[in-house]
Amino acid sequence: MVGVYNLHPFGSQQVVPCQREPQQFCCGGCDALFVASGCKVETFSVPGAELCRQRGSFSTLGRVLRMAYSEVGDYLVAIEEKNRSIFLHAYVNWRSKRTENSRVCIRMVGHNVEASFCESSRDQMSIIEMPMPEAPLCISCCPVKGDLLVGCVNKLVLFTLKYLIINEELSVLDFERSLIIHIDNITPVEISLCVGYVAVMSDLEVLILKLESDPINEERVNHHPQETSNQSRQTEDVSNERSQLESEDFVICLKPMELLGEKCEQQSGISVKLESTGLSDEKLKYLRVQYLLYRRFAPDISFYVLSDNIKLHSLQLLPIHQTGFHPDGKDLSQEKELLSLFCFFSLPHVGYLYMVVKSVELMSVYRYPEKSQQAVLTPQFLHVITSQSLQCFTVRCSAAVAHEEDLYVDTTLKACPPVSMDVCALRIQLFIGLKAICHFKNHIILLTKADSEATAERRESPKRFISRKDASVRSRTSHPAESGWNLYIVNTTAPVQLYKEMVDYSNSYKTVKTQSCIHLLSEAHLLVRAALMDGSQLDPAEKAELLEAFKESCVHLGDCYSRLDTEQSHLALPYYKMSGLSLAEVLARVDLTRENESQKYEKGLIFYINHSLYENLDEELSEELTAKVAQIFHVAEPKQLPHVLSSPSLKNIDPLTALRYLRKLDTCGLSPVLVTLTKAAMALKMGDLDMYRNEMKSHSEMKLVNGFILEPQLLIQRWKGQIVPTEFAIHLKETQPELLVASVLGLQKNGKTGIEEADFFFKVLCGKNEDTIPQLLVDFWEAQLVACLPNVVLQELFFKLTSQYIWRLSKKQCPDTIPLRTAEDLINACSHYGLIYPWVHVLITSNSLADENYTEDLLKLQSLICSPSFDVPSIIPFLEPLSEDTVAGLSAHVLCRTRLQEYEQCIDILLKRCPEVVIAYANQELKEEHWILWWKKLLPELCQKVKCGGEKHQLYLSLLKEALSVIAVGLDLRNFLNVLPEDGAAAFFLPYLLFCSQKKSLT
552 MVGVYNLHPF
562 GSQQVVPCQR
572 EPQQFCCGGC
582 DALFVASGCK
592 VETFSVPGAE
602 LCRQRGSFST
612 LGRVLRMAYS
622 EVGDYLVAIE
632 EKNRSIFLHA
642 YVNWRSKRTE
652 NSRVCIRMVG
662 HNVEASFCES
672 SRDQMSIIEM
682 PMPEAPLCIS
692 CCPVKGDLLV
702 GCVNKLVLFT
712 LKYLIINEEL
722 SVLDFERSLI
732 IHIDNITPVE
742 ISLCVGYVAV
752 MSDLEVLILK
762 LESDPINEER
772 VNHHPQETSN
782 QSRQTEDVSN
792 ERSQLESEDF
802 VICLKPMELL
812 GEKCEQQSGI
822 SVKLESTGLS
832 DEKLKYLRVQ
842 YLLYRRFAPD
852 ISFYVLSDNI
862 KLHSLQLLPI
872 HQTGFHPDGK
882 DLSQEKELLS
892 LFCFFSLPHV
902 GYLYMVVKSV
912 ELMSVYRYPE
922 KSQQAVLTPQ
932 FLHVITSQSL
942 QCFTVRCSAA
952 VAHEEDLYVD
962 TTLKACPPVS
972 MDVCALRIQL
982 FIGLKAICHF
992 KNHIILLTKA
1002 DSEATAERRE
1012 SPKRFISRKD
1022 ASVRSRTSHP
1032 AESGWNLYIV
1042 NTTAPVQLYK
1052 EMVDYSNSYK
1062 TVKTQSCIHL
1072 LSEAHLLVRA
1082 ALMDGSQLDP
1092 AEKAELLEAF
1102 KESCVHLGDC
1112 YSRLDTEQSH
1122 LALPYYKMSG
1132 LSLAEVLARV
1142 DLTRENESQK
1152 YEKGLIFYIN
1162 HSLYENLDEE
1172 LSEELTAKVA
1182 QIFHVAEPKQ
1192 LPHVLSSPSL
1202 KNIDPLTALR
1212 YLRKLDTCGL
1222 SPVLVTLTKA
1232 AMALKMGDLD
1242 MYRNEMKSHS
1252 EMKLVNGFIL
1262 EPQLLIQRWK
1272 GQIVPTEFAI
1282 HLKETQPELL
1292 VASVLGLQKN
1302 GKTGIEEADF
1312 FFKVLCGKNE
1322 DTIPQLLVDF
1332 WEAQLVACLP
1342 NVVLQELFFK
1352 LTSQYIWRLS
1362 KKQCPDTIPL
1372 RTAEDLINAC
1382 SHYGLIYPWV
1392 HVLITSNSLA
1402 DENYTEDLLK
1412 LQSLICSPSF
1422 DVPSIIPFLE
1432 PLSEDTVAGL
1442 SAHVLCRTRL
1452 QEYEQCIDIL
1462 LKRCPEVVIA
1472 YANQELKEEH
1482 WILWWKKLLP
1492 ELCQKVKCGG
1502 EKHQLYLSLL
1512 KEALSVIAVG
1522 LDLRNFLNVL
1532 PEDGAAAFFL
1542 PYLLFCSQKK
1552 SLT
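What follows is the structure in C-alpha cells.
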C-alpha cells in the first residue's frame, strides 16, 4: 500500500544547453554531467543552484550505445558501435580535454604504460580500449572501488581498477581483466557491481551474487565446481524447459519464483563458474560465489512476444557506508565501512527494494499508478518516471541502516521508524514526454521528447522471449533531429526545507487521523536521518541545521506517541530522550487547561514520566511541575502515585497536595502499607509528628519492612550519582533503628540495593567518612550474617566484622550508638556466631589480668573465631594491633592458635600469661590424639614451674596436682611411673601412686 501526499520535493529546474539531441547521458562526480550524441560527448558543470554551463567536449571512437561514470578513478566508460562492431572504451583524464584539438592518447589494456609515457602526456586525455571475448551488452562501475563489470552473453567480465606509478609525483590509471564469471541460462540486460556484490537482470529474472575470498578453506573452493548429480539433474530439467522456448510453435511460461541463499544454487537452474584471468593477490585466488537471491517473474501469457509491459528495468545496487551521523555529535565521516547494501529493480507497474547485506530481505514494494519507464534509487527517495510524470517515493534505507548500525535502537534509549512502514508518494510532477532519468547529489536529470512516438527501445528483442540466439546488441534506430526534446536538471528541495513542509503538513492530521500524523512525521524523521548519513557531503552549518531538525523531529514524534492513542505509545520515551529535552521541558508541553479528574492523559505520556522518574535524571522539578505530575498520575494512573511521590525529582511537592491525592486513593489492588508509608513521609515533611506516629502505628514492623521493599526511594535515593538518605531514613535512625536496618536488609535481599550501596548509605546516614564505621553499619553487617543472604560472600562479611571488632578493642573505642544486638542474642540467633569455649570464660573472669576495655565486641569477636564457618588464617595478620598483654588480645590469639591446633604454643602462652586457665584449656582441647600432651608437655612444664618457686608457687603447685589427678585417672600404674619426673620427690607423688595402684586392684 502506498500513501500519497502532496509535498514539494522538487525545487528549481534548469535546461542543459546541449547542441545536439541527447542519446545517452550520465552524471559524474560532484558536478559533472555527460551527454552523448552519436560519436560526441559533451560535458557540463552543474555547480549547485547556479546555471548549468558547458565544460568541454570530446569525440568518441564510435557511436555511444551505453555509458557509465565512476567517481573512483574519475573515468567514463562507454559501449560504442563502429562499422557494425561493438567496442568497450574507458576515457581517462577527460577533464583536460578542453577543445577538439587537444591531444588524445589511445592505448590498450595491459599495454606497458611506463615505457611509452612521457611528461607531455600528463595533461592529455587517454582512451583505454578493453578487448572483449564477446560483444558487451551492459556495464557497471563499482561506486566504492571503481572496478568495472561488463556483461556479455552468458558471462560477466571484471576489470580491476589499478594505478601504475610512473614516478614519485605521477601515477596513471589502468585496468586489469581479473575475472570472468560464466553464467549459464541467463542473458544480462542490466548489471550492477558493488564491493564484491553482483546483480544480474534479464527481461524477467534477477540474480544477486556475492564474490568472497576464502583463503582458509582453499580445498573447498573450486573455480570450476563439479555439479552434484541432484544439482545437475535440476539444471538439466530447467535447461530442457528453457530449450523449449526456442521453438517457434509454442510458448511455455515458467512459474514465478523467489529463492534465497543455497536454494538459489540448487533450484534456480543457473550455473555460475569463475575463471581467474589476472588475480595476483593471494587472497583473491580463492574466490567463491555465494548465491543470495534469485527471482523470476511470470509474463502475461496474452502477449506472445515479450513486450515492454512486462520487462524488468532499472537494476541498481545502492551501498550505505559507515555513516557520518551520530546522534551524540560524534563525527564518523572518515569511515568507509560498508554497513548495508540495497538492491532495487522494477517491473513497469511495481518496484522491489531488497536489503542484501547480513540477510536478504524484501523491504518495500512500490506500486505505481501508471506504467513506469525508468527509476533511480537514492538513500532518501526513489524517483520514477512515466511517460507523463516524475514521481517521488520514500524509501526505508535510513531506517534499515539505523537498525543495523545502532544496537540501542528499539530500546528505551533510542528508536527509529520501522523498515516495514508503508511507503508513500510525496509528489507526482507532470512532464511531457519523459524518456530517461539519472541522479547525482541533489540533482535529477530528465530527458523529455514532446512527440508521442517512443524512441528506439532500450534493448530491442522482437522475440527475445521466444529466442535468445541473437545476442548481439542492436543499435538504436537513427532519427532526425527533432525540436521537441529537452534535457532538464531538476534540483531537489533541501532536506531541512522539505522536512519543515512535512511537519507543517502533519498538523492537519493531528486531530483527524492519528496514524497519518505519525506516518508523515516518521517520514520527516527518516528524511533527516538519510541526509545525515553521509556527513562527508555536509558543511558544518548544514550538519548543525540537520542535527537540530533531527532533534526537533524526535520531539514531534515524542509528542505524537505521548498524546495520541496508539499501540506504540511506549515510543514516546526513546524519542523524547533522543530529542535532548529535559523532563521539565517535556512537562511544559503538556496542556493542563482544566485541572479535573475527567481530563484524559494517554499511556505514552504516563510511560515516559514513569520511566524518567525511575531513571534518576538528577532533575529537580519545580513546585508547579511536581503538582502537574501528581495531578497526571492521580487522574491517569493512581496506583503509581506513591511511587511517583517518592521520586527525588519531586522533592518540591507540596505535602498537603500529595496527602489530598493519597487520601483519595482506592487501596484495592494497591498495598495499603505503601500508601501509609508515603503519608508518613509527607507528615514528616510537614513536621507533623503526631500524624507520622499514627500512620506508623497502623501496621506491624514486618509489614512496614515490606512497604519499604515495594518503594526503596522512601529510604534511599540517588542524586547526581550519589546515594542520599531521605528525611524518612534520618528520622528512623533516631527513633527506630531496628526497623531501618531490617528494611535495608530487605532491600538487599530483594535485589533493590547492592552491598556497597547499602554500606555507603549507612555511612552517609550517620555522617561518617569512608574510614569510619558507625555502629549502625556494624548492626547491619550482623543482621546480614544472621539473615544468611545468598548474595553475600560469607568470608568478606566475617572480615568486615572482625576488623571492626579488633579496631575498637585495640583503640579502646566504644560504639557511637548502643548495639542493637548483644553477643548472646547473636549466638542464639545465628550459627555463624559459635559458642564460646568454656576456658575462654575462665580466662575473662580471671583476676590475673585486668582489662578495663572489656566490651561486647570482645565476646562477638571470640564467638566469630569459635564459628566453624570462620576462616582463621585469613584473620591472623589483622590480630597484630591486639596485644597479648590484654584479655582481648590473649583470648583472640590463643583461640586462633587453638583453631589451627597449635596446642603446645597455646600451653606456653597460657602458663606465662594466665596459668589459671591451663587446666581448663587442657581439659577441653587435649583430647583423643592430643591426650599425650598432658604428660609430655603440660606435666613437665608444671613441674618445672613448681621447682622454680616464686610468687605463683602455690598456684603452679595446685595446677600440678590437678594435672596429676587427671593423668592418674587416665594412665595405669606403670605408665604413670614412666611419665613422672626422675628428680621428683617420692613423698609428693605417693598419693597419686596409691590412687593408681588402688585403681589397678579394682580392675
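The numbers in the working numbering rise by one with no breaks, and the one at position 629 of the sequence shown is 1180.
The beta carbon of each residue, even a glycine, is placed where N, CA and C say it ideally should be.
Nearest-angstrom Cβ-Cβ length linking residue i and residue j, presumed shorter than 8 Å
| i | j | result |
| --- | --- | --- |
| Thr1368 | Gln1326 | 4 Å |
| Val1315 | Ile1274 | 6 Å |
| Tyr917 | Val952 | Incorrect: roughly 19 Å between the Cβ atoms, too far for contact. |
| Ile505 | Val823 | Residue 505 cannot be examined here, being either before or after the span of the chain that is shown, 552 to 1554. |
| Leu1493 | Ala1514 | 6 Å |
| Asn1042 | Gly562 | 5 Å |
7 Å Cβ cutoff met for residue i and residue j
| i | j | result |
| --- | --- | --- |
| Ala976 | Phe944 | yes |
| Val704 | Met681 | no |
| Leu933 | Gln867 | no |
| Val708 | Ile731 | yes |
| Pro870 | Cys745 | yes |
| Leu863 | Ser764 | no |
| Ile513 | Leu1489 | The structure shown does not extend to residue 513, since the chain is modelled only from 552 to 1554, so the question has no answer here. |
| Ile1395 | Val1438 | yes |
| Gly1155 | Ser1130 | no |
| Ala1471 | Val1391 | no |
| Pro930 | Ala1092 | no |
| Gly812 | Leu724 | no |
Contact set for residue i: own chain, Cβ-Cβ below 6 Å, skip 5 residues either direction
| i | result |
| --- | --- |
| Arg978 | Leu558, Pro560, Cys943 |
| Asn1167 | Arg1269 |
| Glu1188 | Ile1157 |
| Phe710 | Leu699, Phe726, Arg728 |
| Pro1031 | Unreliable placement is indicated for Pro1031, whose pLDDT of 41 sits below 50; the coordinate value is still reported in the next sentence. Closer than 6 Å at Cβ, skipping near neighbours: no residue. |
| Val1224 | His1250, Lys1254, Gly1258 |
| Gly702 | Leu688, Cys689, Pro739, Ile742 |
| Glu1246 | Thr1227, Lys1230, Ala1231 |
Close beta carbons around residue i, own chain, < 7 Å, minus the five adjacent residues each side
| i | result |
| --- | --- |
| Pro968 | Ala950, Ser1073, His1076, Leu1077 |
| Val493 | Beyond the ends of the chain as shown, which are 552 and 1554, falls residue 493; an answer cannot be given. |
| Arg1010 | Summary for Arg1010: the model assigns pLDDT 42, below 50, so the residue's position carries little reliability; its value from the coordinates is reported in the next sentence. Counting only Cβ-Cβ distances below 7 Å, and skipping sequence neighbours, we find Val740. |
| Leu1430 | Ile1357, Ala1443, His1444, Cys1447 |
| Glu1096 | Val1047 |
| Gly1440 | Leu1433, Ser1434 |
| Gln777 | With a pLDDT of 38 at Gln777, under the threshold of 50, the modelled position of this residue cannot be trusted; read the value that follows with caution. Excluding sequence neighbours, Gln777 sits near nothing in its chain. |
| Thr964 | In the sequence under discussion, the amino acid at residue 964 is Leu, which differs from the Thr named in the question. Closer than 7 Å at Cβ, skipping near neighbours: Pro1125, Lys1128. |
| Pro598 | Asp582 |
Contact set for residue i: own chain, Cβ-Cβ below 8 Å, skip 5 residues either direction
| i | result |
| --- | --- |
| Tyr1050 | Ala1075, Leu1078, Val1079, Ala1100, Ser1104 |
| Gly1220 | Lys1190 |
| Pro1288 | Leu1327, Asp1330, Thr1368, Leu1371 |
With contact counted as at least three CB pairs below 8 Å, one residue from each stretch, are the segment 715-725 and the segment 893-901 in contact?
-> no
Do the segment 1353-1366 and the segment 1411-1425 make contact, defined as three or more Cβ pairs closer than 8 Å?
-> yes
Beta strand (DSSP E) runs wholly inside the segment 1097-1153, at least 3 long, in chain order | none
Taking the runs of the beta strand (DSSP E) that are 3 residues or longer, which of them lie wholly in the segment 1239-1308?
-> 1267-1270, 1273-1276
Count the C-beta pairs between the segment 1413-1432 and the segment 1375-1385 that are closer than 8 Å, then say yes if the count reaches three, no if not.
-> yes
Enumerated in chain order, which unbroken segments of the alpha helix (DSSP H) with a length of 4 residues or greater are wholly contained in the segment 612-687?
-> 664-667
In the segment 1149-1219, which residue ranges form an unbroken beta strand (DSSP E) of at least 3 residues, counting only runs that do not cross its ends?
-> none
For the segment 620-631 and the segment 685-693, state whether three or more C-beta atom pairs, one from each stretch, are separated by less than 8 Å.
-> yes
Cβ contact (3+ pairs, closer than 8 Å) linking the segment 1254-1266 and the segment 1197-1204 | yes
Complete runs of the beta strand (DSSP E) confined to the segment 581-612 [at least 3 residues] | 583-588, 591-596, 604-610
Identify every run of the alpha helix (DSSP H) within the segment 1456-1530, keeping only runs that are complete inside it and at least 4 residues long; order them along the chain.
-> 1469-1476, 1490-1499, 1504-1521, 1524-1530
Sequence ranges, beta strand (DSSP E) only - wholly within the segment 704-732, length at least 3 | 706-718
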